[in-house]
Structure formats: C-alpha cells, structure tokens
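> Here it is: the structure, laid out below.
Number of protein chains: 2
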Amino acid sequence: MSRQSFLLKIDKSPDIQSNLQLSLQNKFSGLLTTIVDDGYKRILLDEKVAERQQCFTRSPLIFKANDWLYSIFPMINMTNILDSSSSEVRKNYKLLLDQEFNFINHVKPRGYYYIRPTCEPETVAKFLLEKIEKTGNDLIFIVEIELHSQKNYTRMYRRDLSPIEEDIEDTWMYWNAIHKAANYHQRIEVAIVLSSDLPSNELEIYRWFGEPVIMLVIPHNTFTTNSSNFPVMTKKQQEIVKMFMQNLKLYIVIEPKSSSDHRIKSYLEYIEYLSKSLDRSSEEEKDCLKYPLQPLHDNLDFSTYEVFERDPAKYILYQRAIENALKDMISEEEKETRKAIVLLVGAGRGPLIRSTLNAATNTHKKVKIIAVEKNPNAIVTLTCLIKQLWPDKEIELIAKDMRNIVLEEKADILVSELLGSFGDNELSPECLDGVQHLLKPTGVSIPANSKSYIQPIMTKRTYGQVQKRKGENKKREMHSEHTEVNWLIYSTNIFHIDNFKEVFTFVHPNNDNPIDNSRYGKFHFESSIDCILHGFSGYFSSKLYKDIEISIVPDSHTKGMISWYSVFFPIATPIQLKKGDKIEVEFWRKCNTEKVWYEWKVNAPEETIVHNLNGEIHPIFLA
Amino acid sequence: MSRQSFLLKIDKSPDIQSNLQLSLQNKFSGLLTTIVDDGYKRILLDEKVAERQQCFTRSPLIFKANDWLYSIFPMINMTNILDSSSSEVRKNYKLLLDQEFNFINHVKPRGYYYIRPTCEPETVAKFLLEKIEKTGNDLIFIVEIELHSQKNYTRMYRRDLSPIEEDIEDTWMYWNAIHKAANYHQRIEVAIVLSSDLPSNELEIYRWFGEPVIMLVIPHNTFTTNSSNFPVMTKKQQEIVKMFMQNLKLYIVIEPKSSSDHRIKSYLEYIEYLSKSLDRSSEEEKDCLKYPLQPLHDNLDFSTYEVFERDPAKYILYQRAIENALKDMISEEEKETRKAIVLLVGAGRGPLIRSTLNAATNTHKKVKIIAVEKNPNAIVTLTCLIKQLWPDKEIELIAKDMRNIVLEEKADILVSELLGSFGDNELSPECLDGVQHLLKPTGVSIPANSKSYIQPIMTKRTYGQVQKRKGENKKREMHSEHTEVNWLIYSTNIFHIDNFKEVFTFVHPNNDNPIDNSRYGKFHFESSIDCILHGFSGYFSSKLYKDIEISIVPDSHTKGMISWYSVFFPIATPIQLKKGDKIEVEFWRKCNTEKVWYEWKVNAPEETIVHNLNGEIHPIFLA
C-alpha cells in the first residue's frame, strides 16, 4: 500500500459482475458489496432456513477463486433483529447470518469482512468472537462506524424519538463497547464513515488515530459541487481525509450514489489529488516495532551502521557543533600553533571522523583525532578508510572499549553519538562518565546534555503488535512479558492523550561527586477525552553544543532527522479513561554493576504493577 | 527462482568490485568468492592474531549493505590445518577462521555461506554447529562436495600416495559423515561440483536428489570446445546438468578459469540453452508439503474445488469411462427407450455432471443424473448451474451425505471421485460401501477399483520440512508427532531407494459379506546403494472402467494429471542403509466406528516404532 489504495462501495449489487468490472476499470483495488440477496433474507425470516439454502445467492462461479480472494470485499449487514425480543425471530436471523457467513467463507476463506452493525455492541462482539474462533488468522473483521452520528436522519424513521432530542451520540462509545466486549481482539478493525456534519470536538476525530482504522469510507453526499460542476469537499473535510491518509495505512472507500453515479471517476480523482500533497516517503516503515539495540552488549552490523549514516540531518548538526566548539576554543591568533585534540568515542564506520575533519577544514583549525571503537568489524572499515581517504590526517585509532583506554594527552573535545530514543537508554551517561577523565578541565563534551520525555498514548495497533511478540524466542527477545519492555516504535497510528512532560536530564561532563545515574520522577497528566491508556511514548532531546540541539520530541523534532524511532513503554493492562481523569505515573532509572533498567508504574486512575521490576524483563547490559 | 538462477564463482578476487560488476553485467545473480585475503591468513599463522586484526581484508565500504546481502556469496576455505597435530597451529587457525567468519557475518548477517572443507568431517560439523548456534535461521551453510573425487589430481601434490592406488572415493560418504556429525542440521546444504570424469555407478549421481543440494557448480574444465570454437558438454554431462535443473531448485554456479576467461558469457548461454528444454511449469509448487484433506470432516472451499476442476486429464478420462459404460449398457436399439440412471456422489461444483452430460451427448444415450453433495456451499453453486446452464437436463440434486440417502429407483452407474493420493485415504471404500445398495445388481461403479503403492525413499529436504512442522498449531495440524502423519508432498528432491510395490486393493461395488475394509501387508525392498531411509512414498492407481485407468505411480503416471501429490509416510528416526541392506516394512489400514487410519513399522534393517498407533496422531474421520 505505498500508493493509496481505493475500494468502490456499492451496497447492493444486483449485478455484482459489472460492478466489479466498474471498480477495476476505474483502478479501484476491489469492490465492497453485499454478497447475499437481501430479498431472500427477508423471506427467510418466515420460512424454514434449511429448505431454502439452495438458492440464497447468485452463482459464485461468476468469479474465479482469485477474484473472490483479492477483489471482492464482502459486506454483512447485522441488524437489530439479532436483538429481537422474540427468540424465534432471533434464532432464525442468526441462522441466516450463519449461512451468509459460511457461504462467504466458502468463496473467500480469508481477507477482510466488512460488518455493518445496528444491534447491541455485545451482540456484535459475540457474533464476531464466535466466527473468529472458527476461522484462520488471515481473516479480519472490519466494523463500520460513522465519524459523526446522524441522529436527525435516524429520527426520520424512528418515530418514537422526540424530534427535539439534542444529544449527539459519540460513535466511538459504540465502537469501544463492541471492541471491549470482544476483548480488543486484534482481528477486529474499524471502517470510519465520513459525514457531511463533523463532530464539534476535534479530539473525537483525533482519537480514531489510536484505533485500528483500516478503511475510511467517503460517501457521495460528503461532496458538494463546485462552479465547474466537479465534486469537491470543504476545507475541514479535506483536512480530515488527508490526516487519515497521512497517519494510517488504510483503504479509501468511495461510496457513490449507485453504480450509475457518473461522478465515480471524479470522486476518485479528487481524493487522489488530495493524497498527492502528502509525504509518503516513510510509508513502508510505518507501524514498525523493534526491540531496542544494546550496542554495549552486541556489535552492530554493517547495514545498521549504513542506515544510521544515511541520516541527512544528524551529522550536519554534529559538524556545526564541532565547528562552533573549535571557534570558541582556538582564537584566530592561535590557529597555526594550537591543535585541538578531539576524542571521538564510538567511531563506528567513521561518520563523526568525517564531521570533525569537515569542521576543521571549514574553520581552518588544526585537529588531532583519536577515534575509539570497540567493534573489531568496524575497525576493519576504519583502518581502510584512514589508509585510503585520510592518509595525511592525524588520526589515531584505538580498538578498545572507551571505558578502558589510556591517553598520553587529555582531549579538548569529547565527541560521541551514544544517545538512544529515550536519551540515556543506550547508556550514554555510563559510557561518558567512564571516559570523561580523559577530557581537559577546560574541555567540552558534544553532546553537552540529554533529556527524556514521556507522553500518555492510546494506540491499539501498536499495543496489539506488542502482544503478538509474546512467545517470540529470538536471542534478544526471550521474554514473554512483552508489555514490560521499552520497545522502539515508528507509528502514527497513535492518539496523544495529553501533552508530553520532561523526565530525566543528564549533563556532560558530569562534575557530581559521587556520580549517581539513577533517577526517579512522578508525573501527572489529564485525559482530554474518553479513551484508553495503552502506555507512554518516550522521546529525547539533546544540546550538542550551546544553541545546537537535536530532538525527536513531537513539537520540536529536528527536521529531516530519521535515526530515531520513539520509545513505547506499554502498561500490562490498558486502562479505560474518562474525560478529565487524572493520570499519575512514576518512572525510575535504576543501575547496578551489571545493568541499567527502567521501571514504570501507573498510580491513577488505576494502579498497575511495577513494570520491569529489578530489570528482570528488560535489562540494558553494561557490557 | 522460476527462471534458472546463476552465480559466478571466482575463488580469489583481488578486485572483488570489478568481479561483481562482471557477474551482474552478465546477468548472474551474484558473485561467489572469498572475502578475506589468503595471503594475510598465511602470514597470520606465524603471528599474533589480535594485533593484526585491523587490516585483514579490503574495505567493506566498497559495497552497500544490500550488495553484501544479496549479490555477494562468501566462500570460506576450511583446510586440514584445522586437524593439525600441533595444538598451537590448530588454535591459531581456528582463531583466523573465527575472525573471517565474524567479519563476513558483520557485512552479511544472513544468506548463504559457501564452505570448502578439506579437513575431517567431524571438524567441519563441529565448526558449523558452533556458528549455527550463534546466528539466525536465515543463515545457511553450503558445503562444497565434488560429484566425483579426482584422486589423480590429489596425487600430484600428495607425494605420499602411491601412484597406483585405484580406489575411487565415494564423495557422498564424506558429505554424509559431515551431515551426520552435524545431526543433519537443516541449515547445512550442499553444493555439488560437476567434474569431467563421472562416477561409473549412476546411482551415485541420482542419490544426490535425496540431498538438500542448493548449488551445482560447473567448472570451466567440464566444457570442451566444438568445431565452431564454442564451449560444449558431453551428452552425459548435459543430461546430468538438466536432471539437476529439472529436479532441484538450485543455483547454477559457473566457474571460469579466471575473471579474464573470455568464455564466461558462452558458458552461461550454453547452460541457459540446456535449461530451455526443461518443463518448469510447476516450479513454484515444488517442495510443497501439505496436511491431507479430510473431505468427510471438513467442507472443501471454493478455491480447492477450482484447483481440482482445472485438471486437464482427469475429467476427460472420467467422461470416456462413462461413455464406454453407457455404450456397454444401452444398445443402439434401446437408446430411445432406455435411460441410464447415473448416481453421482460427491458432485462438488459439478465437473462430473459436465462429464456425464458430455458422455450422454457423445454416445446419444439418455441419462438421468442424481447428484449428491453434502457441502451446502457447493450446493449453492450446483443449484445455480442447473438453473442457468442445464435447465432442460434431467438432474436431481440431493443435499445430503451420500451414506444417508434414499432413492425411488436404483442406479445403473455410480460415479464418484473420492480417491486420495493413497487411493483409499480419503475413505472412498467406506463412502462407496455406504451407497452401493442403491446400485442395481447389474450396475457398475466408476471407479471400479483402487490400488495403493509404496516405495522407500531418501529425501532430506522433505524430511526436514516435516520436522519444521512440529509445533505448528493450526486446526487440523495439532499434532507434534509430525513424523507419524501421512503427508502430501510435491517434490522431486527425492532418491528412490528401490522400486515401488503394490500395497492394498479395493474393488467397487464390494460384494464381500461382511465387508471388511481393514488391510495388512508386509513388504520387502533392497537398498541399491549406501544411503538413508527417511520413509516411504505412497501412490495410487485406479481402474475407472475396463481399460481406462488413472495413476500417479511414477512409471505409469497419467499424462498431464495434476490433481494429486504423492503421500509421504515418514519414519520417526531415519535409518542409515548399506548397499544390499534388506528393508522390511509392515503397513496396516485400520478402522473403527469413528475413524480410519494407517499404521506403519519398519522391521529391518532396524526396527522402528509402530507409527500412528491406534490412529492417535493422524486419524481420518468418518464424519
């Protein structure tokens, strides 16, 4: 889905064949439609189901198996007859639905099944769980939910409702009740139907970004007609559609008035036009969940270095920081006589050597570089680079752990890139503490500090991915307590429940005596709307030198810097939040002689366990 | 790999960059070469390893990570220095190899590693197992083995060998010793090097088809030059290369004299030309392992029916059988007055209705078809077909299990297609016994019989796949005793140890009283060469009517018939066989009121367990 995918929705298909052709000719990926005739079903309610089973739909042979599998997206209506007070009616309708389901499952045993419910949430959940039990993991149910409830429309046929009733239903409540009753099953996702009216509270829209939304349905009546007689949307609606396309991997479902709506192509072109203004460059990586690197424990491999070096922003900022430090340190008068000793710890395949050499050239200052690297495989590369590219530069290579080296002369500048997504989570403080005695008293460290941040989030998809990792038994992922690991995530399928808050700070060089790198904090947030707390996003920012900063905090993210995902601290059991609920959470950074680890615990509105107690689940090893 | 894939092999690459370019320009998939300089390694034997580690190869930065991952196939020489009597030399060489390995693993953490050993089999196995332990499942080791040992060449530098020594080494023994010592690890595969001399015993070639061969290396000296000055092969060598390409999914590795061998393109074109005459139509499906269908227990889905109906041979033979039966049954005089009642059990989506209607039309006989089908989803299709395609034909549809139907008038012809790959393994006998009382005493059954066959085989790859299925927990595959299931396989990566033997026969209608569908037999085979017994292939043949037969037995496989894979009855522990070893195996077909099952047990040359005892592992359910 790197290009936006589209589906055509035509509820009733008297001629499903020509409708599929219509959709494919117009470059839709497929047709979303009911398979079983409604007329037949209505009759059935009065008759015996078993005897009529032989002709309840059109022949499935109109399509090849592959058409069914890949181009047809079946829709199942699940009306409130399922809640009928008559057990006879209820049973008969359930039999009908079962038959419809079995037939669809026969022609299309996997893929997406689109469910349009108008019955009680518990009834929907029960039905879906029953079917999930009987089918394979590659069958996903999509529940249709309107972005905004159209009460007025409902009133047109519900004569029992008073016409002055004003309370607008929050449709998320209905969805959440279904999903909760189905134990948030990961094989149940959502289709959001755009409406011409929009919720007055924008958070009601943003909250969907925390849900597993897989389709955005755009009905014909959300379009108006412009002066050139083309279908267009309001600014606000355009924005919403773009946000959905930008943040979520989903199908855009176009719902024309009927199959003879002559504007089908125009709807599609309009949305395609909207999608063109979006940045889809990192689409492929989206919804990525990774176990954090442990660079002190493992040696990074060649391609990991390559990916890091590809960052277009990071090394330019490092270079600028080194330039400024050189300028401050060596005056114009001294520049022929003085040479700055740059101690570069964690040289990898040499990007910071390059930044330092560039900085020296640009500022016309002399430098001697001492490059330290513990990975013997990276040393091979560095040796070749120095021999081939920089034979005339003063570069000394030390193939050791930075915490064990000895220098004849102390350094003027200590340069490192040891920061993780949560700042100190790759043990930058411990490493720099171990080497800072080699820095002159007047020396500077680049970076000069690091800060971490957390933010409460709702993210069912990421949380679901975390749960799926359970039982994985790769080398570094031996823990089944998957919800007590601070994962790395790259996802925009997230709703931010409140603003972020600063957590821990580390300053380099660290002049404390004794040095204590353990930390603790208690943080408070407030829920802006009814939603679910799945855990906390973690970010970092760092001052490299004076005003030169790098950051992955949402508000101030360094432009173009791609090296870091966010951190995700899940909680063992998601918490249902009411609007205005106060969230209190405690975070610890703990250390012993072998490892460093984080612990976290929510105190309010509900108390959780202490996650990663004693670092038993997710230790960060010191060696 | 649906088109044949080629690699270029250049052992020593002083200029690895231009060699890679050479290979890609000539449309090879990649370059097979050593990464670490041999010269460096020789020096190292006398020096301290640690101090020189900084420059033991060329810079890895000459390639991007993706080149390393996808285009470079590293080769590691593992000489008999590893078996040196001096523990100092041994240790030093091991350190060197470790360093070489670690560096390769740094630039290319997964993919194929080509190992060229000249040391003791146990030494090779130990080294590989040690590395397997430390790396991921996506790293595969390939051990280079010569198809035919070139003793004479060896003698050129081994002055200690008497020049008259005649015994030619069987290279499979060396490989088998390595693989056995490595416990047949599935991450160890083979590269076979073609030679100008060939083994005199052809079985020594065929036996490799039971091994996980992933590369066939063709050195330049296997080519001769024809009158037009083009490289060509002998007829026999052509045959061997073709057999390898036809039967195995592998890389063809071209090994020129050197990178300046001007015939590189000609070698490639020659082999490509050979590959063009091969049938690669079913390439994608190859090496496929499936859990057998249980059509009595589960309803088949739409696409399964579609695949079966696509068979170009089966339904034509059924049609011909029905034609012949109609001709024998109804004389020309009767053809206006008499109508044959054809009872069609298991009608599916109607292919046999079509065959019957065609047969009636072709023979100008009248038929009434009674089509029985228990799958309600297939009934939907049949109903539509009858309504739309055959409204004027006499077709009665009965939506029931064939064992429970009642007819007003008995049938003349009973037609069914209930045979599995082992004939009776989808319970064709039980089903037909249950319906044959509806056949007139003069009536015939199509098919008239079924026979099963077994054949002892060596097939490491398939056996490995069976082992991988362990722990899978899909609905129908809940058993961990994966070696006690009679799997369906489609593979040509198999060596047939001896000819097949007939096992069980069933005749329809069955006039025995009482009917007993249990069976037992004891069968004897002989090993034609040293090899390994992994289990037994199973096949079937069936007489449809008089001389019209269908068969999947290798010698008499019905041309173009694609509906059936073979069966694979694995044994719990593979047995090493010596040439001439007698194999005795017992097979049981057992039945009770709920299920049918097979048991099998090898008695000689070694005794195994009774596989699938009491049908607890792999029952075939009667309902």
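Going line by line, the protein sequences match chains A and B.
Under the UniProt record's numbering, think of the first position of the first sequence as 1, with each following residue one higher.
Under the UniProt record's numbering, think of the first position of the second sequence as 1, with each following residue one higher.
C-beta atoms are modelled at their ideal positions from N, C-alpha and C, and glycine is treated no differently.
Source: prediction; values computed, not measured.
Quick check for students: name the residue ranges of the beta strand (DSSP E) that lie wholly in the segment 521-585 of chain A, counting only runs of 3 or more.
Counting only runs of 3+ residues, the beta strand (DSSP E) found wholly inside the segment 521-585 of chain A occupies 531-545, 548-551 and 566-577, in chain order.
> Let's test the definition: count the other Cβ atoms within 10 Å of the Cβ of Pro570 of chain A and tell me whether it reaches 16, buried, or not, exposed.
By the neighbour-count definition (other C-beta atoms within 10 Å, threshold 16), Pro570 of chain A is a buried residue.
> Is the beta carbon of Val485 of chain A closer than 8 Å to that of His618 of chain A?
Note that the C-beta distance between His618 of chain A and Val485 of chain A is below 8 Å.
> DSSP puts Ser445 of chain A in a beta bridge; with which residues?
A:Leu414
> So, is the C-beta of Trp68 of chain B closer than 8 Å to a C-beta in chain A?
yes
> Could you please tell me which residues of the segment 91-108 of chain B, in chain order, have their CB closer than 7 Å to any CB of chain A?
Asn102, Phe103, His106 and Val107
> Using a Cβ-Cβ cut-off of 8 Å, state whether Leu207 of chain B counts as contacting chain A.
A quick correction: the sequence has Arg, not Leu, at residue 207 of chain B. With 8 Å as the cut-off, Arg207 of chain B does not count as an interface residue toward chain A.
> Using beta carbons (cut-off 8 Å, strictly below), is Asn449 of chain A in contact with chain B?
no
> Counting Cβ pairs, one atom from each stretch, are 3 or more of them under 8 Å apart for the segment 111-125 of chain B and the segment 82-90 of chain B?
yes
> Write down the C-beta distance between Ile457 of chain B and Phe536 of chain B rounded to the nearest angstrom, noting that I regard them as a contact closer than 8 Å.
7 Å
> Anyone know if the C-beta pair for Lys393 of chain A and Leu343 of chain A falls short of 8 Å?
no
> Does any residue of chain A bring its CB to less than 8 Å from the CB of Gln388 of chain B?
yes
> Using 8 Å as the threshold, is the segment 490-507 of chain B in touch with the segment 242-251 of chain B, meaning 3 or more CB pairs across them?
yes
> Anything in chain B within Cβ reach of Ser59 of chain A, meaning under 7 Å, just list it in chain order.
Thr381, Cys384, Leu385 and Gln388
> Listing by chain order, which chain A residues have their CB less than 7 Å from the CB of Asp301 of chain B?
His106 and Pro109
> DSSP state of Arg52 of chain A, grouped into three classes?
Only weak support exists for where Arg52 of chain A lies, its pLDDT of 46 falling under 50; the value from the coordinates is given anyway. Helix, per DSSP.
> Go to Asn603 of chain A, then tell me how far its beta strand (DSSP E) extends in each direction, as first and last residue.
Lys595 to Ala604
> Output yes or no for whether 8 Å exceeds the beta carbon distance between Tyr114 of chain B and Leu216 of chain B.
no
> Would you list the one or two residues that DSSP bridges to Phe506 of chain A?
Per the DSSP secondary-structure output, Phe506 of chain A pairs in a beta bridge with A:Ser450.
> Does the contact criterion of 3 or more C-beta pairs under 8 Å hold for the segment 539-547 of chain B versus the segment 316-326 of chain B?
yes
> Identify whether Lys249 of chain A lies in helix, strand or coil by the three-state DSSP scheme.
coil
> Looking only at C-alpha atoms, which of A:Met561, A:Thr171, A:Thr361 and A:Ala177 sits nearest to Leu194 of chain A?
A:Thr171
> Any chance you could list the alpha helix (DSSP H) runs of at least 4 consecutive residues sitting entirely within the segment 91-146 of chain B, in chain order?
121-134
> Keeping to the same chain, check which residues put their C-beta closer than 8 Å to that of Gly443 of chain B; ignore five residues upstream and five downstream.
Lys410, Ala411, Asp412, Ile413, Leu414 and Pro509
> Does the CB of Arg187 of chain A have a neighbour CB from chain B at under 8 Å?
Output row for Arg187 of chain A: interface = no.
> Quick one: Cα of Gly538 of chain A to Cα of Ser421 of chain A, how far?
7 Å
> Under the three-state reduction of DSSP, which class applies to Ile609 of chain A: helix, strand or coil?
coil
> Identify, in the order they occur along the chain, each residue of the same chain with its Cβ nearer than 6 Å to the Cβ of Thr154 of chain B, setting aside the five sequence neighbours on each side.
Only weak support exists for where Thr154 of chain B lies, its pLDDT of 44 falling under 50; the value from the coordinates is given anyway. Within the same chain, Thr154 of chain B has no close Cβ partners at all.
> Using the three-state DSSP reduction, which class does Lys286 of chain B fall into: helix, strand or coil?
coil
> List the residues of chain B that Lys64 of chain A touches, going by C-beta distances under 9 Å, in chain order.
Ser303 and Glu306
> With H, G and I counted as helix, E and B as strand and the rest as coil, what does DSSP make of Met233 of chain B?
coil
> In three-state DSSP terms, what is Ile178 of chain B?
helix
> Can you confirm whether Asn377 of chain A, when its beta carbon is compared against all beta carbons of chain B, has any partner nearer than 8 Å?
Judged by the 8 Å Cβ criterion, Asn377 of chain A is in contact with chain B.
> So Lys377 of chain B is in the alpha helix (DSSP H); what residue range does that whole segment cover?
The sequence as given places Asn at residue 377 of chain B; Lys does not occur at that position. From DSSP, the alpha helix (DSSP H) with Asn377 of chain B extends over Pro376 to Gln388.
> Could you check whether the Cβ of Ile43 of chain A sits closer than 8 Å to any Cβ belonging to chain B?
With a pLDDT of 46 at Ile43 of chain A, under the threshold of 50, the modelled position of this residue cannot be trusted; read the value that follows with caution. No - not a single Cβ of chain B is within 8 Å of the one on Ile43 of chain A.
> Short of 8 Å Cβ to Cβ, which residues in the segment 331-364 of chain B face chain A?
Arg349
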